[in-house]
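The listed protein sequences correspond, in order, to chains A and B.
Just so you know, we're using numbering that gives the first Met the number 0 here: the first sequence kicks off at 0 and counts up by one.
Just so you know, we're using numbering that gives the first Met the number 0 here: the second sequence kicks off at 0 and counts up by one.
Heads up, the beta-carbon is just placed ideally off N, CA and C, and yes, glycines get one too.
Heads up, the thing below is written out as C-alpha cells.
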Amino acid sequence: MDTVMTKNADVTAPAKRKKPIYVGRIIIYAILIVYTLWLLAPFAVIIVTSFTTTKEYMGATSYIWWPEQFSLEGYVKLFSDDPYIYYVGIPTLLNGMLNTMWITLVPLCSGLLQSLLVAYCYSKYDFPCKNTLFMITVTLMFVPLGAFGFVGYMFYQNIGWTEGYASWLPLVIPGLFASAGTVFFLRPYLDGIGKEIIEAAEIDGMGFWQIFFAIVIPLSKPALIAQFIFGFVGGYNNYAGALVYLDTADPSMWTLQIAMNKLIAYLSESDKEYNFNCATALMAMVPLIVVYLFCQRFFIEGITFGGGKE
Amino acid sequence: MRTENDVKTAAGAAEWDAGGDAARAIPPKKKKWKPVQWMCFGIVFIPIVSFIIFSGFPVAISFISMFTEMDNNDLTTMEWNQFRNIVEVFHDDRFWKSWRTTFWLATAQVVTLLIALAISVLLNSKIKGSNFFQVVFFIPYICSSVAIAIMWKWIFSTDLGVINTILGKNIEWLNSVEHPSRLVWCVYLTIVWQAPAYGIVMFKAALKNVNPSLYEAAALDGANGWAKFWYVTLPGIKGVTLFLLLASITNGLAVFDAVTILAPVQWTGVAGPDDIGLTVNYYIYLKGVQNRDMEYASVISWVLFVVTFLISFFVIRARNKATAED
Numbered sequence: 000m001d002t003v004m005t006k007n008a009d010v011t012a013p014a015k016r017k018k019p020i021y022v023g024r025i026i027i028y029a030i031l032i033v034y035t036l037w038l039l040a041p042f043a044v045i046i047v048t049s050f051t052t053t054k055e056y057m058g059a060t061s062y063i064w065w066p067e068q069f070s071l072e073g074y075v076k077l078f079s080d081d082p083y084i085y086y087v088g089i090p091t092l093l094n095g096m097l098n099t100m101w102i103t104l105v106p107l108c109s110g111l112l113q114s115l116l117v118a119y120c121y122s123k124y125d126f127p128c129k130n131t132l133f134m135i136t137v138t139l140m141f142v143p144l145g146a147f148g149f150v151g152y153m154f155y156q157n158i159g160w161t162e163g164y165a166s167w168l169p170l171v172i173p174g175l176f177a178s179a180g181t182v183f184f185l186r187p188y189l190d191g192i193g194k195e196i197i198e199a200a201e202i203d204g205m206g207f208w209q210i211f212f213a214i215v216i217p218l219s220k221p222a223l224i225a226q227f228i229f230g231f232v233g234g235y236n237n238y239a240g241a242l243v244y245l246d247t248a249d250p251s252m253w254t255l256q257i258a259m260n261k262l263i264a265y266l267s268e269s270d271k272e273y274n275f276n277c278a279t280a281l282m283a284m285v286p287l288i289v290v291y292l293f294c295q296r297f298f299i300e301g302i303t304f305g306g307g308k309e
Numbered sequence: 000m001r002t003e004n005d006v007k008t009a010a011g012a013a014e015w016d017a018g019g020d021a022a023r024a025i026p027p028k029k030k031k032w033k034p035v036q037w038m039c040f041g042i043v044f045i046p047i048v049s050f051i052i053f054s055g056f057p058v059a060i061s062f063i064s065m066f067t068e069m070d071n072n073d074l075t076t077m078e079w080n081q082f083r084n085i086v087e088v089f090h091d092d093r094f095w096k097s098w099r100t101t102f103w104l105a106t107a108q109v110v111t112l113l114i115a116l117a118i119s120v121l122l123n124s125k126i127k128g129s130n131f132f133q134v135v136f137f138i139p140y141i142c143s144s145v146a147i148a149i150m151w152k153w154i155f156s157t158d159l160g161v162i163n164t165i166l167g168k169n170i171e172w173l174n175s176v177e178h179p180s181r182l183v184w185c186v187y188l189t190i191v192w193q194a195p196a197y198g199i200v201m202f203k204a205a206l207k208n209v210n211p212s213l214y215e216a217a218a219l220d221g222a223n224g225w226a227k228f229w230y231v232t233l234p235g236i237k238g239v240t241l242f243l244l245l246a247s248i249t250n251g252l253a254v255f256d257a258v259t260i261l262a263p264v265q266w267t268g269v270a271g272p273d274d275i276g277l278t279v280n281y282y283i284y285l286k287g288v289q290n291r292d293m294e295y296a297s298v299i300s301w302v303l304f305v306v307t308f309l310i311s312f313f314v315i316r317a318r319n320k321a322t323a324e325d
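This is the structure we're talking about:
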C-alpha cells in the first residue's frame, strides 16, 4: 500500500509528501512495538517470578520486579517437591509430556495418512456412488458438534472406555481414522496435482498402493504439514478432552495440561510457591514455543494454507 | 477444525469437476467396475463409518437421554421422565446466567477480529521487520489456554500481582464479591490477549493477495488511505473475514479452559463470585461430569448446539452471498 502511495506522491508533489510518510512509519513502528511488549510482558512477569525464591516472597507486600538473587529453586521443585514422583517414577510433568506426545502423534499420523488415502480415492479414481458419498462426507463435516464434547462421555462410559488405562482410548481411537474435515481439505490439493502423473505411473506398472506411497504422499507434503501443525498444536494444548475422559485418579496417565494444572493446584493451595507455579506453566509452554521458533516458516505457511488463497 | 471451512470455495469447484466427470462417465450405462475401484469404494467409507461410531452414537445417546432419567449414566437404567429435564433446564437460573456470561465473553471475539485486522494492516504496510513482528504475534496461538490462564491469574493476584503493584492498590480482581464482573473482564482480557494471533496471520496472508492494481486504480481515482481501505482492502478480504467470524463465534460460545482456571469452583459449588464465571460449556461440565447428571447436561448441550448452529448458518449464508457477488 505504501509504495503505491509513494509512487503517486512522487508524481504530484515529491518534496512535500516525504515527511508525512516518515511520521506515519514511526507511528506504525510505535504501535507494533507496543503490541509486541503487550504480548511479551506477561511472559517476562512469570519468567522473573520463576527465578525468585520463595523466601524472598515471604515478607513481600508486592510483586518483585527483580529478585536479589536469581535461583533455580522453582525448577528444582519440579523434581524435589513433586508429590507424585515416587508413584510415576519420573517427574509428573515430563511424564505428562510423554503421554501427550503419543496421544497426539499416533492418531494424528494415522488419521492424516488415512484421510490422504480417502482424498486420493476421491480425486483420482472413479467408483460406485462417488458423488453421493462425497456429499455425505462434506455434510458430516459441516455439523458443528463441538457442543457435545462433554456429553459424549455417556457413550464411552457405557462401552467401558473410561476406567483405568481404557480411558486413554476415547482420546486416541477416534483420531486413528480418516476424518471428513481433513478429506475435504486435502481433496482440492490432490485435484491440483494432475491425473497425468498418476496415469504415467500406471503405464509404468505401478499399482494403487505404490502410487500412493511413492507419488501421492511426497507430492502432498505441504498440505500434510499444514494439517499436521493444526493437529499437533491442538493436541498438545488439549485440556478439556483429557479432563473429561481421562481417569485422573492415576497420575501416571495425566497428559501435560492435566499434569500442569494438578501440580499447581496441589502445591499452591498450601505453600504459596509462586516460583514453582510459574516454572511449571513455563515448562509446559516452552517446548512448543521452541519448536515453533525453529520451524516458524512451516507454522505460518501451514496455518494460512488454503485459507489465504481467497 | 478451523481449516475445514476455508477451502470451501476451492472444494466446491472440485465437486463441480467431479460432477462433470460423472456426467461423462454415465452414458455407457452398465459400467464394469474394476477391483481397485471397489477397493476405493470401501476406503471412502472410513470417514463416514468412524463419524457414525464416534460422533453419531454419542450424539444420538445424548439426544435420547434428554427425555430420561438414569443411574450414574448407565444406559440400561434409562427411564422416560416426561420432559422433566427440559422443563427444569428452562427454569434454571444458573442456565440463563451462564448464557449471559457466554455472550458477554463472545463479544471479545469481535474485539479480537478488529485488533487482528488493524495489526495485520500495519504489518502489511511494507515496513522492515514485518516478518519478525509476525513471528512474535503468533506466539500466543501456540500456547495452551490453561497455561495462559495460570499466567494471568498470577498477574491479577491480589497481594503480589503485577497489576496491583503498578496501581499501588489491593484490588480483588478475581474474587470480588461486590464487583463480580471484574472476573469476567479479566477473562475477557486473556481472550483478547491470546485470540488475535490466528487472525493476524490469516488476515495478513489475505491482504497480501489483494490485487495491487486495484490500489493503483483507486489512487488514480483520487482515493485517500481510508477510502482505499474501505473500498479495496475490505472487499478483498471479505471471504477470510467471514471465515474468521465463523471460527471465532464457534470458539467464543465454547469458552471453557480459561474460566475453569480463573474461576475455579468454590466449596459452595459456584464458579467465581456470584457464579459470574459460569459459561454454558462450564455448566455442562459441572452438571454432566462433576455431578454425573448427563441427562441434564445433554439438554444444555443441545441448546448450545442449536444456538451455535443457527449463528453459523447465518454467517455461512452471508458468506455465500458475499462470494456470489464477486
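* **chain B contact residues for A:Asn260, given Cβ-Cβ distances below 7 Å** => Residue numbering aside, residue 260 of chain A sits at position 261 when the first sequence is read from its first letter. The answer, in chain order, is Val145.
* Simplified DSSP assignment, three categories, for B:Trp153 -> Taking the second sequence and counting its residues from 1, the one referred to as residue 153 of chain B is at position 154. DSSP places B:Trp153 in helix when its eight states are reduced to three.
* **B:Pro195 versus B:Thr106 - alpha carbon distance** => Taking the second sequence and counting its residues from 1, the one referred to as residue 195 of chain B is at position 196. Taking the second sequence and counting its residues from 1, the one referred to as residue 106 of chain B is at position 107. Taking the straight line joining both Cα atoms gives about 13 Å.
* A:Tyr244 and A:Ser166 look like a contact to me (Cβ under 8 Å); what is the Cβ gap, rounded to whole Å? -> For the purposes of this step, residue 244 of chain A is taken as residue 245 along the first sequence, with counting starting at 1. For the purposes of this step, residue 166 of chain A is taken as residue 167 along the first sequence, with counting starting at 1. 6 Å between Cβ atoms; contact.
* To do: Tell me whether A:Thr60 is buried or exposed, calling it buried when 16 or more other Cβ atoms sit within 10 Å of its Cβ.
  => Within the first sequence, residue 60 of chain A is the residue found at index 61, counting from 1. It is exposed - the Cβ of A:Thr60 has fewer than 16 other Cβ atoms within 10 Å.
* **Three-state secondary structure assigned by DSSP to B:Trp79** => Within the second sequence, residue 79 of chain B is the residue found at index 80, counting from 1. Here B:Trp79 sits in strand by DSSP.
* How about B:Asp256: is its C-beta nearer than 7 Å to some C-beta of chain A? -> Locating residue 256 of chain B in the second sequence gives position 257, where the first residue counts as 1. Judged by the 7 Å Cβ criterion, B:Asp256 is in contact with chain A.
* Asked: Is the shortest distance between the beta-carbon of B:Asn331 and the beta-carbons of chain A less than 7 Å?
  -> Summary: the structure shown does not reach residue 331 of chain B, with chain B confined to residues 0 through 325, and so no result is reported for it.
* Asked: Leaving out five residues before and five after B:Ala72 in sequence, what residues of the same chain have Cβ atoms less than 6 Å from its Cβ?
  -> Along the second sequence, one-based indexing puts residue 72 of chain B at 73. One detail in the question is off: residue 72 of chain B reads as Asn in this sequence, not Ala. The answer, listed in chain order, is Met293.
* So B:Asp256 is in the alpha helix (DSSP H); what residue range does that whole segment cover? -> Position 257 of the second sequence, counting from 1, holds the residue named residue 256 of chain B. Run containing B:Asp256: Asp256 to Leu261, per the alpha helix (DSSP H) assignment.
* Asked: What residues of chain A sit near B:Gly251, judged by a beta carbon separation below 8 Å?
  -> Counting from one through the second sequence, the residue named residue 251 of chain B turns up at place 252. What B:Gly251 touches in chain A: nothing, since even the nearest Cβ is about 11 Å away.
* In angstroms with no decimal places, state the Cα-to-Cα distance between B:Glu177 and B:Ile170. => Within the second sequence, residue 177 of chain B is the residue found at index 178, counting from 1. Within the second sequence, residue 170 of chain B is the residue found at index 171, counting from 1. Near 11 Å, if we compare the C-alpha coordinates of B:Ile170 and B:Glu177.
* **A:Glu55: first and last residue of the uninterrupted alpha helix (DSSP H) it sits in** => Taking the first sequence and counting its residues from 1, one reaches residue 55 of chain A at position 56. Segment Thr53 to Met57, the alpha helix (DSSP H) holding A:Glu55.
* **the stretch 151 to 164 of chain A: positions lying closer than 7 Å to chain B by Cβ** => Residues of the stretch 151 to 164 of chain A with a C-beta atom less than 7 Å from some C-beta of chain B are Gly151, Tyr152, Met153, Phe154, Gln156 and Asn157, listed in chain order.
* To do: Starting from the beta carbon of A:Ile210, find every residue of chain B whose beta carbon is closer than 8 Å, and list them in chain order.
  => Reading the first sequence from its first residue, position 211 is the one you call residue 210 of chain A. Correct list: empty, because the minimum Cβ distance to chain B is about 10 Å.
* Asked: To the nearest angstrom, how far is it from the Cα of B:Ile275 to the Cα of B:Lys96?
  -> As a working note, residue 275 of chain B is residue 276 in the second sequence. As a working note, residue 96 of chain B is residue 97 in the second sequence. Cα-Cα distance, rounded: 8 Å.
* Smallest Cα separation from B:Phe202: which of A:Ile302, A:Phe184 and A:Thr53? -> For the purposes of this step, residue 202 of chain B is taken as the residue at position 203 of the second sequence. Measuring from the Cα of B:Phe202, the nearest candidate turns out to be A:Ile302.
* Taking 7 Å as the CB-CB cut-off, is B:Gly287 touching chain A? -> Looking up residue 287 of chain B in the second sequence gives position 288. Answer yes: the Cβ-Cβ gap between B:Gly287 and chain A drops below 7 Å somewhere.
* Asked: From which residue to which residue does the alpha helix (DSSP H) around B:Thr67 run?
  -> Numbered from its first residue, the second sequence carries residue 67 of chain B at position 68. Premise fails: B:Thr67 lies in the beta strand (DSSP E), Thr67 to Asp70, not in any alpha helix (DSSP H).
* To do: Please report the residue range of the alpha helix (DSSP H) in which B:Ile162 lies.
  => Here residue 162 of chain B is taken as the residue at index 163 of the second sequence, counted from 1. Residues Val161 to Leu166.
* Asked: If you drop the 5 nearest sequence neighbours on each side, which residues of the same chain put their C-beta closer than 6 Å to that of B:Thr8?
  -> Here residue 8 of chain B refers to the residue found at position 9 of the second sequence. Low confidence applies here, because B:Thr8 scores a pLDDT of 39, under 50, leaving its location unreliable; read the following figure in that light. If we look at B:Thr8 and ignore the five residues flanking it on each side, it has no Cβ neighbours.
* Taking 7 Å as the CB-CB cut-off, is A:Asn236 touching chain B? -> Counting from 1 along the first sequence, the entry for residue 236 of chain A is found at position 237. Yes, A:Asn236 counts as interfacial toward chain B.
* Using a Cβ cut-off of 9 Å, which residues of the stretch 38 to 66 of chain A contact any Cβ in chain B, in chain order? -> Leu38, Leu39, Ala40, Pro41, Phe42, Val44, Ile45, Thr48, Tyr56, Ala59, Thr60, Ser61, Tyr62, Ile63 and Trp64
* Asked: For the putative contact between B:Ser64 and A:Met153, defined by C-beta atoms under 8 Å, what is the C-beta separation to the nearest angstrom?
  -> Position 65 of the second sequence, counting from 1, holds the residue named residue 64 of chain B. Position 154 of the first sequence, counting from 1, holds the residue named residue 153 of chain A. Indeed they touch by this definition, with Cβ atoms about 6 Å apart.
* Asked: What's the C-alpha gap between B:Val239 and B:Gly268?
  -> Sequence index remark: in the second sequence, residue 239 of chain B carries index 240 (1-based). Sequence index remark: in the second sequence, residue 268 of chain B carries index 269 (1-based). Each residue's Cα considered, the two are about 41 Å apart.
* Exposure label - A:Thr181; buried when at least 16 CB within 10 Å -> Counted from its first residue, the first sequence places residue 181 of chain A at position 182. Buried is the call here.
* To do: Can you have a look at B:Ala22 and say buried or exposed, based on whether 16 or more other CB atoms are within 10 angstroms of its CB?
  => Counting from 1 along the second sequence, the entry for residue 22 of chain B is found at position 23. With a pLDDT of 47 at B:Ala22, under the threshold of 50, the predicted position of this residue should be treated as unreliable, and no value is reported.
* What is the rounded straight-line gap between the Cα of B:Lys215 and the Cα of B:Pro234? -> Numbered from its first residue, the second sequence carries residue 215 of chain B at position 216. Numbered from its first residue, the second sequence carries residue 234 of chain B at position 235. Per the sequence presented here, residue 215 of chain B reads as Glu, with Lys not at that position. Roughly 16 Å separates the two Cα atoms.
* To do: Have a look at A:Lys308 and B:Asn208 and give me their C-alpha separation to the nearest angstrom.
  => The sequence position of residue 308 of chain A within the first sequence is 309, counting from 1. The sequence position of residue 208 of chain B within the second sequence is 209, counting from 1. Summary for A:Lys308: the model assigns pLDDT 41, below 50, so the residue's position carries little reliability, and this model does not support an answer.
* To do: Step through the CB atoms of chain A and report whether any lies within less than 7 Å of the CB of B:Ile154.
  => Within the second sequence, residue 154 of chain B is the residue found at index 155, counting from 1. Cβ-Cβ to chain A under 7 Å: yes for B:Ile154.
* chain B residues whose Cβ lies nearer than 7 Å to that of A:Ile263 -> Mapped onto the first sequence, residue 263 of chain A falls at position 264. Those are Ile149, listed as they occur along chain B.
* Beta-carbon contacts of A:Gly234 that lie in its chain and below 6 Å, excluding the five residues immediately before and after -> To locate residue 234 of chain A, count along the first sequence from 1; it is residue 235. Correct list, in chain order: Thr103.
* Asked: Roughly how far, in whole angstroms, is the beta-carbon of B:Ile149 from the beta-carbon of B:Phe155, given that I think they are within contact range, below 8 Å?
  -> By 1-based counting over the second sequence, the position of residue 149 of chain B is 150. By 1-based counting over the second sequence, the position of residue 155 of chain B is 156. With a Cβ gap of about 11 Å, B:Ile149 and B:Phe155 do not count as contacting.
* Asked: Relative to the C-alpha of B:Phe82, which residue among B:Asp92, B:Phe66, B:Arg93 and B:Val88 is closest?
  -> For the purposes of this step, residue 82 of chain B is taken as residue 83 along the second sequence, with counting starting at 1. Of B:Asp92, B:Phe66, B:Arg93 and B:Val88, the residue nearest in Cα terms is B:Phe66.
* **7 Å Cβ cutoff, B:Ser175 in contact with chain A** => Translated into positions along the second sequence, residue 175 of chain B becomes position 176. No - not a single Cβ of chain A is within 7 Å of the one on B:Ser175.
* How would you write the range of the alpha helix (DSSP H) that B:Phe131 sits in, first residue to last? -> Within the second sequence, the letter at position 132 stands for residue 131 of chain B. Per DSSP, B:Phe131 belongs to the alpha helix (DSSP H) from Ser129 to Ile141.
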